[in-house]
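**Student:** Take a look at this one; I'll ask things after.
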Amino acid sequence: MRVRQLAVNEHRYRTELSAVLRRLPGVLAGMTNHAHATQSPDAWTRVADTYAVVYWLAARHRWPSTRRLT
């Protein structure tokens, strides 16, 4: 799971928006499910890190709502 999150961040750093959009929903769902299952502080930190990518993408496109991404 962490590898998929790192891949999304790598696409973000390269500003490969289409790749971020393709991968983000699955990564976000997987990270959230993992955090609920483990209740680990580290897992919840990863969820927050993944949401940071959502907010970056929304700001990049000036989307007032992130509903289009999830």
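To convert, take the position in the sequence shown, counting from 1, and add 104; that gives our numbering. We put the CB at the ideal spot given by N, CA and C, even for glycine.
Here's the rule: buried if 16 or more other CB atoms are within 10 angstroms of the residue's CB, otherwise exposed. What is R106?
**Tutor:** Residue burial is scored here from C-beta neighbours: R106 has fewer than 16 other C-beta atoms within 10 angstroms and is therefore classed as exposed.
**Student:** Taking Cβ positions, are V158 and T136 nearer each other than 7 angstroms?
**Tutor:** no
**Student:** What residue ranges within the stretch 120-158 form continuous alpha helix (DSSP H) runs of no fewer than 4 residues, ordered along the chain?
**Tutor:** You should have 121-142.
**Student:** Between the alpha carbons of R127 and V112, how many angstroms are there, rounded?
**Tutor:** Straight through space, the alpha carbons of V112 and R127 are spaced by roughly 7 angstroms.
**Student:** What did DSSP end up calling H115 once you bin it into helix, strand or coil?
**Tutor:** helix
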